[in-house]
Amino acid sequence: MSVPYETAAYEPPDSPESPEEHLARLLGRALNSFELPDEAIRRLDCALAHDGSLHSAHHSAGLHRETYRHTWLLADGSALTLWELVHNTAPGDEPQHEVYVDEEELRTATARLPLPPDTPDFELPVTVQLLPPPTLRNVYVLDGSADHARRLLRRAENTDRPGAETAALLATACAHRITQAFGRPSRAGRAGLSFSLYEHAFLLGDGAELSVWEVEHTVTPDGRHMCEVYVSEDAAREAMERRAAQVS
Numbered sequence: 218m219s220v221p222y223e224t225a226a227y228e229p230p231d232s233p234e235s236p237e238e239h240l241a242r243l244l245g246r247a248l249n250s251f252e253l254p255d256e257a258i259r260r261l262d263c264a265l266a267h268d269g270s271l272h273s274a275h276h277s278a279g280l281h282r283e284t285y286r287h288t289w290l291l292a293d294g295s296a297l298t299l300w301e302l303v304h305n306t307a308p309g310d311e312p313q314h315e316v317y318v319d320e321e322e323l324r325t326a327t328a329r330l331p332l333p334p335d336t337p338d339f340e341l342p343v344t345v346q347l348l349p350p351p352t353l354r355n356v357y358v359l360d361g362s363a364d365h366a367r368r369l370l371r372r373a374e375n376t377d378r379p380g381a382e383t384a385a386l387l388a389t390a391c392a393h394r395i396t397q398a399f400g401r402p403s404r405a406g407r408a409g410l411s412f413s414l415y416e417h418a419f420l421l422g423d424g425a426e427l428s429v430w431e432v433e434h435t436v437t438p439d440g441r442h443m444c445e446v447y448v449s450e451d452a453a454r455e456a457m458e459r460r461a462a463q464v465s
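The opening residue of the sequence shown carries number 218 in my numbering; numbering runs sequentially from there.
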């Protein structure tokens with residue numbers, strides 16, 4: 218039995234949702250969202266795009282059941298799909314929403330519904346329209362990235378370190394990578410100083426990339442290592458030259 222798409226329980230929002238909003242709305246209405254694996258939710262924290270579509274439906278004798286496919290494009294170029302089951306077979310006829318991580322779980326849940334067995338489902342061809350993955354400059358690691366950014370900025374001792382606006386952006390980081398940049402200050406060799414320069418590249422929740430630059434050096438009264446953080450490589454290298462000039 219074919220059912221027009223408009224009659225289904227799923228109603229796309231009037232304005233485009235972000236991947237995070239789409240996920241929050243899905244989990245907020247699902248009665249069993251607490252059963253989803255933590256790993257799946259963690260991976261979805263860095264979704265760049267999403268698509269939701271009606272997959273199949275069953276309408277008979279006042280009862281209905283629809284399934285929806287929700288797919289997210291992740292930062293590493295892979296995709297993750299959640300399956301939503303919507304039905305009115307519970308007492309009170311109010312639509313019930315459930316969500317599952319694979320089709321096998323979905324089929325098991327669907328088989329438990331008290332629907333007449335003689336009415337066939339109809340299925341729609343699955344067409345997932347996701348934006349192509351962005352070209353990322355770095356391969357990132359998913360490992361406490363927002364906390365890493367917070368600790369990096371906290372240990373920076375320079376007064377011109379990144380400010381509140383950069384800190385707010387880095388608080389949304391979901392992945393990061395640290396790369397050492399080579400090339401000593403022109404005066405460093407003569408002064409016998411220790412300088413290291415690192416790029417801390419972060420992947421933000423909206424898919425954007427943001428880097429800050431860490432300078433470690435020993436131009437301190439007691440020779441201890443000092444950390445400074447700058448918003449650009451040029452600013453970091455200029456700071457290294459200034460430090461080297463202090464003792465050359």
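Positions of the beta carbon are idealized from the N, C-alpha and C atoms, including for glycine.
{"query": "Is T288 helix, strand or coil by DSSP?", "result": "strand"}
{"query": "Assuming contact is defined by CB atoms lying nearer than 8 angstroms, are L290 and A257 in contact in what I supplied?", "result": "no"}
{"query": "In or out: Q477 buried (at least 16 other Cβ within 10 Å) or exposed?", "result": "In the structure displayed, the chain extends from 218 to 465; residue 477 sits before or after that span and is not available."}
{"query": "Just curious, the alpha helix (DSSP H) that G245 is in, first and last residue?", "result": "P236 to R246"}
{"query": "Closest by CA to D364, which one among Y357, T389, E374 and T376?", "result": "T389"}
{"query": "In angstroms, rounded to a whole number, what distance separates the CA positions of E374 and H267?", "result": "41 angstroms"}
{"query": "If you reduce the DSSP assignment to three classes, tell me which class A373 lands in.", "result": "coil"}
{"query": "What number of angstroms, rounded off, separates the C-alpha of G380 from the C-alpha of F419?", "result": "16 angstroms"}
{"query": "Do L271 and E252 have their C-beta atoms closer together than 8 angstroms?", "result": "no"}
{"query": "With L323 as the anchor, note down where its alpha helix (DSSP H) starts and where it stops.", "result": "E320 to A328"}
{"query": "Can you give me the Cβ contacts of A247 inside the same chain, cut-off strictly under 8 angstroms, excluding the 5 residues immediately before and after it?", "result": "E301, H314, E315 and V316"}
{"query": "What is the rounded straight-line gap between the Cα of G294 and the Cα of L261?", "result": "12 angstroms"}
{"query": "H365 by DSSP, collapsed to three states: which one?", "result": "helix"}
{"query": "My assumption, with CB atoms under 8 angstroms, is that L359 sits in contact with H417. Please give the rounded CB distance.", "result": "Their Cβ separation, rounded to whole angstroms, is 15 angstroms, which puts L359 and H417 out of contact at 8 angstroms."}
{"query": "Under 8 angstroms between the Cβ atoms of L280 and L243?", "result": "no"}
{"query": "To the nearest angstrom, how far is the alpha carbon of E321 from that of S277?", "result": "23 angstroms"}
{"query": "Write down the C-beta distance between L421 and Q397 rounded to the nearest angstrom, noting that I regard them as a contact closer than 8 angstroms.", "result": "The Cβ separation is near 22 angstroms, so there is no contact."}
{"query": "What are the boundary residues of the beta strand (DSSP E) that includes E416?", "result": "F412 to L420"}
{"query": "Which one of D439, G424 and E455 has the shortest CA to CA distance from V432?", "result": "E455"}
{"query": "Kindly indicate which three-state DSSP category A452 falls into: helix, strand or coil?", "result": "helix"}
{"query": "By the three-class DSSP mapping on this structure, what secondary structure does E252 have?", "result": "helix"}
{"query": "Going by alpha carbons, who is nearest to A385 out of T376, R372 and L427?", "result": "L427"}
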